[in-house]
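J.: Residue numbers (our numbering), protein chains in the order written: chain U, 1 to 287; chain L, 1 to 287.
In structure tokens form, the structure reads like this:
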């Protein structure tokens, strides 16, 4: 099975599970649920839940034990995008090729839809029946992880960051959820400690790699293919890897990081090939 | 021990625990933690965590097992106030006698401080070691509870609501967390099913009672004593109990609801007296 086929199949599994996750809430306000679903079903690569399902399958041969947690992870990612797009934050009118939540439903509904998705994510996470999984979610999404990174990102706007500072921003903002996705998938697959350790290490590098290529795509990418505007980083003088290292330097760093990510899986067998392929593919991605 | 003394003692316990809850986060951005602490330490009655500690003590003779969850509950309440005060929501410049979070730190930080408090609440909740407690939190704070009620409240602005519709708004917006506080306290105290049942019923009525008296205080209360502006409901033509029933009608409903709350505790012994006293006291509260 090719990498693309594998990822698409996992993505289909995630989207099927997501479609049913918001159906059983008859006592919730219908319009709020509509706003939540609008952002949740807007698509995207579903990278985090796909990684979670793949890690679970690597650990136990099936992705089934991680399906619910994968939905929870996508809910957390989606809430963060809704709040990030708000006028007081990044002020983005478009997301995944459609009007962002606050453009579609108004700011107040967007704030509440984000709050509701975060809360529902913890409900779904707790339904997995594992407290260690709930703790992973809360730690990765909180002040030591994603929200902390978002704050640092915002605070760094207009400032010149060092490479170390930039990596610290992204270790939180994107890295924490990507690493947690792999860890939670491994935990739910009852992975051996050395597998959990290898996937954690791989996750940190994959998160870095993902961010470098995200920054590169903002320079060389195609808006239609990406489903979002490009060139924004340069216009807003945002600290990025290409801005710090040049485009070639950033691409070289991406390739070196991909190699390190593959190395992190050294002790795992061919069952980890899909993760190796993914890391090797990312420096050349176009969306 | 008088009611006031009892509540103050529990409040002191909560505030002591809250003060340490944000101390162990060296890798989080310090300014974001400052914003979280600013709102968390702003005071208030601490009604929800106090109810939780009291319910736990009623069930098992000690409030200790509920201290951590009580902090989590106050974090959720505090996050909801921060987001509720935002310009796109209620647009309140003051909260508990001080500038609201977005006036003090800016809108973006206020949004993230709220997100961070909600996330940290689930971390603390999970550390209690009970999945049923995490589920109670997520259900009460989400679309079927608080966030759902906040959405309905916002949606109902400028409309004439029936008494039923108004009660539905508040059953979510204030009732859900108040009821969950009592339930979680009881669960952590390993309460017998009939005690949990009685406290759940009491909690729903107490939440209603609390909201009626909150609306009444907006008409007859003193801004300095309350630490917030008064008369806002009338200015914004908000649906309230006094607006629907008149001031005397609202006070009569408060007293009848207090009686019903006391009745809900019928099968409990003198260990529940503090809850009876609280219900009887609420119609006459001045803050």
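Built from N, CA and C at the ideal position, the CB exists for glycine as well.
Considering Cα atoms alone, identify which of L/49, L/269 and L/232 is closest to residue 63 of chain L.
T.: Selected option, being the one with the closest Cα: L/49.
J.: How would you list, in chain order, the residues of chain U whose beta-carbon sits under 8 Å from the beta-carbon of residue 68 of chain L?
T.: Under the 8 Å cutoff, chain U gives no residues; its nearest Cβ is about 13 Å from residue 68 of chain L.
J.: Please determine whether the Cβ atom of residue 134 of chain L lies at a distance below 7 Å from any heavy atom of the ligand ADP.
T.: Looking at this structure, you won't find the ligand ADP or any other ligand, since it has none at all.
J.: Enumerate, from N- to C-terminal direction, the unbroken alpha helix (DSSP H) stretches of 4 or more residues contained entirely within the region 34-121 of chain U.
T.: Those alpha helix (DSSP H) runs which fall completely within the region 34-121 of chain U and span 4+ residues are 47-60, 67-85 and 101-105.
J.: What are the start and end residues of each continuous alpha helix (DSSP H) run of 4 or more residues lying completely inside the region 203-244 of chain U, in chain order?
T.: As far as the region 203-244 of chain U is concerned, its whole alpha helix (DSSP H) runs of at least 4 residues are 223-226 and 232-235.
J.: Helix, strand or coil: how does DSSP classify residue 266 of chain L here?
T.: Three-state DSSP puts residue 266 of chain L in coil, outside helix and strand.
J.: Just checking, does the region 277-286 of chain U make contact with the region 200-209 of chain U on the three C-beta pairs under 8 Å criterion?
T.: Yes, the region 277-286 of chain U is in contact with the region 200-209 of chain U.
J.: Do you know offhand how far residue 231 of chain U's Cα is from residue 113 of chain U's?
T.: If you take the alpha carbons of residue 231 of chain U and residue 113 of chain U, they lie about 28 Å apart.
J.: Short of 9 Å Cβ to Cβ, which residues in the region 53-66 of chain U face chain L?
T.: For the region 53-66 of chain U, which is checked against every Cβ of chain L, not one residue is closer than 9 Å.
J.: So, at 6 Å on beta carbons, what are the nonlocal neighbours of residue 241 of chain U in its own chain, with the 5 sequence-adjacent residues on each side left out?
T.: 212, 215 and 250.
J.: So with Cβ pairs under 8 Å, would you call residue 83 of chain L a contact of chain U?
T.: Yes, because at least one Cβ of chain U sits closer than 8 Å to the Cβ of residue 83 of chain L.
J.: Run through DSSP, which three-state label would residue 21 of chain L get?
T.: Residue state, collapsed to three classes: helix.
J.: Can you give me the C-alpha to C-alpha distance between residue 116 of chain U and residue 181 of chain U, rounded to a whole angstrom?
T.: Computed Cα separation, rounded: 20 Å.
J.: Hey, is residue 105 of chain U's beta-carbon within less than 8 Å of any beta-carbon in chain L?
T.: No, residue 105 of chain U does not count as interfacial toward chain L.
J.: What residues of chain L sit near residue 27 of chain U, judged by a beta carbon separation below 7 Å?
T.: Neighbours of residue 27 of chain U on chain L, chain order: 144.
J.: Measuring CB atoms only, is the region 150-163 of chain U touching the region 182-198 of chain U, in the sense that at least three cross pairs come out at less than 8 Å?
T.: No contact exists between the region 150-163 of chain U and the region 182-198 of chain U.
J.: If we ignore side chains and look at the alpha-carbon of each, how far apart do residue 104 of chain U and residue 149 of chain L end up?
T.: Taking the straight line joining both Cα atoms gives about 21 Å.
J.: Output yes or no for whether 8 Å exceeds the beta carbon distance between residue 135 of chain L and residue 264 of chain U.
T.: Contact: no.
J.: Under a Cβ-count criterion, where at least 16 other Cβ atoms within 10 Å of its own Cβ denotes burial, should residue 106 of chain U be classed as buried or exposed?
T.: The residue in question, residue 106 of chain U, is exposed, as its Cβ has fewer than 16 Cβ neighbours within 10 Å.
J.: Measure from the C-beta of residue 139 of chain L to each C-beta in chain U and report whether the shortest distance is under 8 Å.
T.: Yes - at least one Cβ of chain U is within 8 Å of the one on residue 139 of chain L.
J.: Going by beta carbon distance, what residues of the same chain come within less than 6 Å of residue 70 of chain U, once the five residues before and after it are set aside?
T.: Closer than 6 Å at the Cβ level, and outside the excluded window around residue 70 of chain U, lie 14, 49, 52 and 53.
J.: Note down the Cα distance separating residue 167 of chain L from residue 287 of chain L, rounded to an integer number of angstroms.
T.: So the alpha carbons of these two residues sit roughly 21 Å apart.
J.: Check the Cβ-Cβ distances between residue 129 of chain U and every residue of chain L, and say whether any is below 8 Å.
T.: Cβ-Cβ to chain L under 8 Å: yes for residue 129 of chain U.
J.: Have a look at residue 37 of chain L and residue 22 of chain L and give me their C-alpha separation to the nearest angstrom.
T.: Taking the straight line joining both Cα atoms gives about 7 Å.
J.: In chain order, what residues of the region 148-171 of chain L put their CB closer than 8 Å to some CB of chain U?
T.: Flagged, chain order: 148, 150, 151, 152, 154 and 155.
J.: Measure the CB-CB distance between residue 47 of chain L and residue 75 of chain L and report whether it falls below 8 Å.
T.: No, they are not a contact pair.
J.: Tell me the rounded alpha-carbon separation between residue 16 of chain L and residue 10 of chain U.
T.: Cα-Cα distance, rounded: 47 Å.
J.: According to DSSP, is residue 143 of chain U helix, strand or coil?
T.: Coil, per DSSP.
J.: How big is the Cα-Cα spacing for residue 81 of chain L and residue 153 of chain L?
T.: Near 14 Å, if we compare the C-alpha coordinates of residue 153 of chain L and residue 81 of chain L.
J.: So that I know if they touch, is there some Cβ in chain U lying closer than 8 Å to that of residue 123 of chain L?
T.: Cβ-Cβ to chain U under 8 Å: yes for residue 123 of chain L.
J.: Is the shortest distance between the beta-carbon of residue 177 of chain U and the beta-carbons of chain L less than 8 Å?
T.: So no, residue 177 of chain U is outside the interface.
J.: Grouping DSSP H, G and I as helix and E and B as strand, with all else coil, what is residue 8 of chain U?
T.: In the structure shown, residue 8 of chain U sits in a helix (DSSP, three-state: H, G or I).
J.: Determine, using beta carbons only, whether residue 110 of chain U and residue 131 of chain U come nearer to each other than 8 Å.
T.: Their beta carbons are not under 8 Å apart, which means residue 110 of chain U does not touch residue 131 of chain U by this criterion.
J.: Please classify residue 270 of chain U as buried or exposed, where buried requires at least 16 other C-beta atoms within 10 Å of its C-beta.
T.: Exposed, since its Cβ has fewer than 16 Cβ neighbours within 10 Å.
J.: Distance check for residue 172 of chain L and residue 162 of chain L, CA to CA, integer angstroms please.
T.: Taking the straight line from one Cα to the other gives about 16 Å.
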